[in-house]
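Presented below is the structure to which this report refers.
Number of protein chains: 2
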Amino acid sequence: MEDIKIFAPATVANLSCGFDVLGCCLDNVGDEMLLRKNDLNELRITRISGQDLPMETHKNVAGVAVQALLKQLDFTQGFDIEIDKHIKAGSGIGSSAASSAGAVYGINKLLGEPFTVKELIPFAMEGERLASGNAHADNVAPALMGGFSLVRSYDPLEVLALPSPPKLRVVILHPLIEVKTKDSRAIIKQNVNLQDAITQWGNLGALVSALYVEDYELFGRSLHDKIIEPVRSILIPYFDELKQIAMESGALGFGISGSGPSVFAMCKGDEVAVSVREAMQLFYQEKGIDFDLHHSEINTQGIKII
Amino acid sequence: MEDIKIFAPATVANLSCGFDVLGCCLDNVGDEMLLRKNDLNELRITRISGQDLPMETHKNVAGVAVQALLKQLDFTQGFDIEIDKHIKAGSGIGSSAASSAGAVYGINKLLGEPFTVKELIPFAMEGERLASGNAHADNVAPALMGGFSLVRSYDPLEVLALPSPPKLRVVILHPLIEVKTKDSRAIIKQNVNLQDAITQWGNLGALVSALYVEDYELFGRSLHDKIIEPVRSILIPYFDELKQIAMESGALGFGISGSGPSVFAMCKGDEVAVSVREAMQLFYQEKGIDFDLHHSEINTQGIKII
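Right under this line is the structure:
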């Protein structure tokens, strides 16, 4: 195989009570990437469309992730990477993760799959380290594996694939304002109240149970974040009102996607998702804030060859 | 029905990463209780054997729990309660919970089951409030429901029943020293490091997953407590050595049961459980510390009529 074209999906990380450990993969929001062997013994980013991002390999998240992979293999094959960005950088739905995960997935295919998909996670995390200063896994893992991913441990890295209830739909509203991941991390308190932490882990345990038994209402009740959301939501215009509107329109749960500013509403079925989407859209239009909207199933496959 | 005799099981609460929210029910360790209607319109504790506990209804956990139940029903039927305690008070394996849960379970049966078993939890929690100053549910819930119980929320109370992998065995070592629940709570820090909390909820999410997919090794890896165990273990003689011995003998995981001083070792199958039990026994005998030992399956039924 000389070249490969892939769809690299957007993802929702920091899923409420699962801050830093739980993410899920979206289906119809993502980048397209073309990866091709070259004869130059050199890794190049040859084209990026849709976003203004660095072309230098060592400054580009896809470049850095692939370099980590090639270094592990001690391999000198050169590659060209073209990226059509459809996920906006800084949106909070895993833009850097899509590029990092997509790049290592594609290169691994071109090399005859020396690594399993799960083994690609640490390489993709190097792209995250470049993007945000923190090599988190809760975007790249669901981008690579699809569905819901739980990071049990970072040292050693252990990521679990969790089941996805089939009727789950995700509505994403991306306010077109800039919130940098680094800034969004900086406002988080490094000490938390024990009672709040207990509430958080009780909810995360229940959320995992809900995924196994396909209890949508329990899933919704468990999407509760006492620790991060109260702090970060102040960076998102009308967060409380949006949440109320989404819940009143039938959403199971609502929260901040990644480090924001995107917010997500989890819904059971497309009918509810449409109601939620339209209500949020109307509200933001009235407020005069620009935004993007996405409405997606859970992508249980992850990256797709197209 | 005029009287009922029941087995009220011991339980392991505060299961490592599931501090305050996760407990499980033991099978061959528990009290026996005889509950009988009387014609006196009065609730009486008529006999307690095995432990020196208050006979006054309002000072006894079983009495207080039943009073809460009867108050809800606005009922004037009188009852006599006899308790044969086999679980030592202050052992950390749910002695007060067994009495509280057993009493409300039995009385509910004698009254024709006006409440479901799950609805009995808040009444039994009143016994816990009397015993420890804290109406926690992670002992009384598994005592009543059997198996593993997860407390998603205390306000409102929501308790989930989780599956029990069939080969799981629990070895309990109870050092015969006194650690009061109130004291054991007092040494816990009320603020925790966010990174430690993230590790904790990642592990709890993975532990819940492990119960569903019957992955014993994952269950063991997830039995990890960065927050409470490091503080409370100092109250338990040779905790670190015991843990090492249990793990080297093949235990899946090891931790403090309830608020101690009992410790638990989770094992896959009876053969490993016997090895673990014998190794801990030998070590404590060499150290000259008195102890009780229990070796149990997970009791998936909870309280049993005998």
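Taken in order, these protein sequences are the chains called A and B.
Going by full-length UniProt numbering, the residue at position 245 of the first sequence is 245; the numbering climbs one at a time, nothing skipped.
Going by full-length UniProt numbering, the residue at position 57 of the second sequence is 57; the numbering climbs one at a time, nothing skipped.
Beta carbons: idealized from backbone N, C-alpha and C, even for Gly.
C-beta atoms of residue i and residue j nearer than 9 Å
i: B/Val170; j: B/Phe264; result: yes
i: B/Glu229; j: B/Gly255; result: yes
i: A/Ile93; j: A/Gly258; result: yes
i: B/Val136; j: B/Met145; result: Sequence check: residue 136 of chain B is His here, not Val. Going by C-beta atoms, B/His136 is not nearer than 9 Å to B/Met145.
i: B/Val151; j: B/Phe123; result: no
i: B/Ile77; j: B/Lys109; result: One point to set straight first is that residue 77 of chain B is Gln, not Ile, in the sequence displayed. Their beta carbons are not under 9 Å apart, which means B/Gln77 does not touch B/Lys109 by this criterion.
i: B/Ile87; j: B/Val29; result: yes
i: A/Lys226; j: A/Asp196; result: yes
i: A/Leu35; j: A/Gly106; result: yes
i: B/Phe148; j: B/Cys25; result: yes
i: B/Phe7; j: B/Ile305; result: yes
i: A/Ala206; j: B/Ser153; result: yes
i: residue 390 of chain A; j: A/Gly250; result: Given a span of 1 to 306 for chain A in the structure shown, any question on residue 390 of chain A remains unanswerable.
i: A/Ile4; j: A/Ala143; result: no
i: B/Ile236; j: B/Val192; result: no
i: B/His224; j: B/Asn203; result: yes
i: A/Val12; j: A/Ile177; result: no
i: A/Ile48; j: A/Lys71; result: no
i: A/Leu120; j: A/Ala101; result: yes
i: A/Phe79; j: A/Arg44; result: yes
i: A/Lys189; j: A/Val231; result: yes
i: A/Phe291; j: A/Gln281; result: yes
i: B/Ala10; j: B/His294; result: yes
i: residue 326 of chain B; j: B/Gly253; result: In this structure chain B extends from 1 to 306, so residue 326 of chain B is not present and cannot be described.
i: B/Tyr238; j: B/Lys167; result: no
i: B/Gly127; j: B/Ser99; result: yes
i: A/Asp138; j: A/Val21; result: yes
i: B/Val208; j: A/Val208; result: yes
Below-9 Å beta-carbon distance, residue i vs any chain B residue
i: residue 311 of chain A; result: The structure shown does not extend to residue 311 of chain A, since chain A spans only 1 to 306, so no value can be given for it.
i: A/Ile227; result: yes
Min CB distance residue i to chain A below 9 Å
i: B/Val151; result: yes
i: B/Phe19; result: yes
i: B/Leu218; result: yes
Under 8 Å by beta carbon: chain B residues contacting residue i
i: A/Ser222; result: Arg152
i: A/Ser209; result: Leu150, Leu160, Leu162, Val208 and Tyr212
Partners in chain A for residue i, counting only beta-carbon separations shorter than 9 Å
i: B/Phe254; result: What B/Phe254 touches in chain A: nothing, since even the nearest Cβ is about 17 Å away.
Residue i: contacting residues in chain B (beta-carbon distance under 7 Å)
i: A/Tyr212; result: Tyr212
As assigned by DSSP and simplified to three states, the class of residue i
i: A/Leu207; result: helix
i: A/His224; result: coil
i: B/Phe219; result: helix
i: B/Gly250; result: coil
i: B/Thr11; result: strand
i: B/Asn108; result: helix
i: A/Pro114; result: coil
i: B/Phe283; result: helix
i: B/Glu56; result: coil
i: B/Phe148; result: strand
i: A/Leu40; result: coil
i: A/Glu158; result: strand
i: B/Ile172; result: strand
i: B/Phe79; result: strand
i: B/Lys71; result: helix
i: A/Asp31; result: strand
i: A/Gly133; result: coil
i: A/Gly18; result: strand
Cross-chain neighbours of residue i in chain A, by beta carbon under 8 Å
i: B/Leu22; result: Gly205
Going along the segment 26 to 42 of chain A in order, which residues come within less than 9 Å of chain B, judged by CB to CB distance? none
Given a limit of 9 Å on CB to CB distance, which residues of the segment 173 to 207 of chain A reach chain B? Ile188, Lys189, Gln190, Asn191, Val192, Asn193, Leu194, Gln195, Asp196, Ala197, Ile198, Thr199, Gln200, Trp201, Gly202, Asn203, Leu204, Gly205, Ala206 and Leu207
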